[in-house]
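Chemist:
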Amino acid sequence: MLKTVATKPFSDQKPGTSGLRKKVPVFQQPNYAENFIQSVFDSLEGFAGKALVIGGDGRFYNREVIQTAIRMAAANGFGRAIVGQGGILSTPAASHVIRKFKAFGGLILSASHNPGGPHEDFGIKYNIGNGGPAPEKVTEAVFARSKVIDRYLTLDTPDVALDIIGTQTVGGMTVEVIDPVSDYAALMESLFDFPAIRAMFKDGFRMVFDAMHAVTGPYAKEILENRLGAPAGTARNATPLPDFGGHHPDPNLVHAKELYDLMMSADAPDFGAASDGDGDRNLIIGKGIFVTPSDSLALLAANAHLAPGYKAGLKGIARSMPTSAAADRVAEKLGVGMYETPTGWKFFGNLLDAGMATICGEESAGTGSDHVREKDGLWAVLLWLNVLAARRQPVKDIVVAHWREFGRNYYTRHDYEEVESEAANGLMADLRGKLGVLPGLKFAGLVVETADDFAYHDPVDGSVSRNQGIRVLFQGGSRVVFRLSGTGTSGATLRVYIERYEPDAAQHGIETQEAVADLIRAADEIAGIAQRTGRDRPSVIT
Ligand code: VG1
Ligand code: CO
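Numbering follows my numbering, with no gaps: position 280 of the sequence shown is 321.
1. Name, in chain order, the residues that DSSP records as bridge partners for S506.
2. Going by other Cβ atoms of all chains shown within 10 Å of its Cβ, with 16 needed for buried, is N267 buried or exposed?
3. For M379, does the three-state DSSP call read helix, strand or coil?
4. With D493 and L482 assumed to form a contact (beta carbons below 8 Å), what rounded beta-carbon distance in angstroms separates them?
5. Please report how far the alpha carbon of V371 lies from the alpha carbon of Y225, in whole angstroms.
6. Going by C-alpha to C-alpha distance, which of R277, K356 and R247 sits closest to A309?
7. How should V179 be labelled, buried or exposed, when 16 other C-beta atoms within 10 angstroms of its C-beta is the threshold for buried?
8. Give the DSSP bridge partners of Y457, in chain order.
9. Within the same chain, show all residues whose beta-carbon is closer than 6 Å to that of I511, passing over the 5 residues directly before and after it, in chain order.
10. Which value, in whole angstroms, describes the spacing of the CA atoms of G172 and K387?
11. What did DSSP end up calling F163 once you bin it into helix, strand or coil?
12. Out of curiosity, what's the CA-to-CA distance linking E230 and R573?
13. Who are T195's beta bridge partners in DSSP?
14. In the DSSP assignment, find the unbroken alpha helix (DSSP H) run with K243 in it and report its ends.
15. Would you grab the beta carbon distance between V377 and G357 for me? Rounded to a whole angstrom, and I think it's under 8 Å.
16. Any idea what DSSP makes of S462, helix, strand or coil?
17. Examine the ligand CO and report whether any of its heavy atoms sits within less than 7 Å of the Cβ of R322.
18. When burial is assigned at 16 or more other CB atoms within 10 Å of the CB, is P159 buried or exposed?
19. Counting beta carbon pairs with one atom in the region 179 to 189 and one in the region 82 to 91, are three or more of them shorter than 8 Å?
20. What residues match up with D23 in a beta bridge as DSSP calls it?
21. Pairing CB atoms from the region 514 to 522 with CB atoms from the region 545 to 563, are three or more of them under 8 Å?
22. Should G173 be counted as a contact of the ligand VG1 given a C-beta to heavy atom distance under 7 Å?
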């Protein structure tokens with residue numbers, strides 16, 4: 042029975058960098074999730090009878106919203122829902138399933154690396170038919186709709202049996218519950234040299250993959266242990282938990298510290314990696330060396346031809362603006378295009394669809410390619426494994442040789458989390474206000490060359506996205522970038538991205554924070570971080 046339920050708008054359903062993210066109790070308000078999902082459907086056209094992919098990262102409240110989304114999809118006229126078993130689909134797997142089944146789009150339930158649990162974070166994101174996050178014109182339409190919505194459509198039907206693979210019906214809609222891993226694993230097998238990686242494991246190569254109790258556990262077990270023959274236990278924390286075991290499923294040096302410490306120890310394995318809550322991020326650590334995501338992007342781009350899926354070479358490379366310019370030097374050497382986009386994967390979709398870029402990356406531990414339209418944690422891990430299997434050299438040697446050839450981009454990001462919104466907005470507004478006077482001024486011994494507020498002109502559809510981060514470029518090529526996070530759920534997070542290029546190989550062995558110490562001081566002098574936020578140090582350094 043079709044039900045039209047009267048509702049009132051919520052004023053805070055503006056999608057951020059990657060969908061709508063809020064605390065669970067916010068999502069648990071009556072009609073909150075329903076309003077947002079209906080606002081998505083009301084902003085789309087032409088989906089009647091078509092397929093919708095639905096899946097999430099398994100966090101607390103996932104199953105409830107999956108059931109809601111299925112009923113609402115049926116009531117709104119979708120012909121078919123493709124749902125991961127148990128309501129599970131990693132973000133890259135969802136992207137692949139949308140593409141493989143030529144679905145109209147998909148709903149991905151995740152707050153990614155944010156913690157999960159009854160008082161932690163939840164999120165909903167809509168992806169379009171190319172498998173990628175909805176572009177800004179769609180998310181803006183969804184937000185506009187959410188502000189005036191007065192009804193949503195649903196059905197009075199029992200819950201779908203999410204754990205049983207097979208076909209059921211809900212109203213007039215077919216629901217297919219699929220294995221969340223197999224399509225994705227097959228895609229990986231089509232891109233990488235599995236026999237070579239298997240041989241490397243057979244020869245005693247040791248690796249640890251930390252799934253952080255999040256969605257990649259089953260994927261890593263199937264791919265690394267079952268298909269590639271890595272020893273049982275290679276995938277750690279591999280059982281997804283609704284609260285991620287109480288941890289932040291954020292693969293960085295703070296939240297994956299155990300892995301980091303292991304990789305720096307005398308008996309470290311050859312390779313360490315981790316992924317985040319929804320499986321789209323990656324952390325790469327070699328024995329005795331952390332590979333920054335920006336360097337990882339550059340290294341993968343430079344070596345991708347060693348993997349069968351990329352042996353024809355790259356069409357181009359794209360990176361988000363705050364990501365270091367290490368990949369730019371690789372693009373230059375390869376003679377391919379280099380694109381600089383705003384933060385967030387939604388900006389890569391057009392470049393990938395147009396065949397202008399093959400590999401994309403973000404400094405926030407996101408790397409991916411045109412195989413899907415999301416960043417993809419395990420993909421990055423597998424490409425690294427493929428490179429290692431082909432080169433048979435330690436990660437450290439590969440990284441150091443890369444720096445020697447291209448120079449080293451020292452890079453760090455300082456996050457000030459849960460700062461008062463007013464203080465953070467004031468800081469950014471004042472920075473914007475003084476962009477014009479910064480050039481020529483000297484901070485911590487560094488002279489500002491240019492300063493601007495990054496605006497992106499999409500070369501494919503001509504759309505313009507403004508206010509994407511304040512860039513301050515110093516003479517000599519170093520820079521700092523200031524941005525407010527668009528994924529947090531309480532207060533504001535100020536991100537300060539710091540980069541210094543060092544061409545001289547004799548200077549490549551400096552500890553990163555030391556190598557950029559003057560830039561850190563300059564950033565504080567320019568923006569008054571300590572004074573305005575009341576913090577004398579960042580909450581997270583990556
Ligand atoms: C952060 C990262 C950004 C990433 C986004 C979504 O956004 O900086 O690079 O695309 O998270 O990733 P923000 O607005 O907080 O800086 V995920 O793995 O959270 O979906
Ligand atoms: Co994520």
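Every residue, glycine too, gets a C-beta built ideally from N, C-alpha and C.
Modeler: By the coordinates alone:
1. Y497
2. exposed
3. strand
4. With a Cβ gap of about 15 Å, D493 and L482 do not count as contacting.
5. 29 Å
6. R247
7. buried
8. L535
9. L472, D494 and F523
10. 10 Å
11. strand
12. 50 Å
13. K44
14. F235 to K243
15. 5 Å
16. helix
17. yes
18. exposed
19. yes
20. There is simply no residue 23 to check, as the chain begins at 42 and stops at 583 in what is shown.
21. yes
22. no
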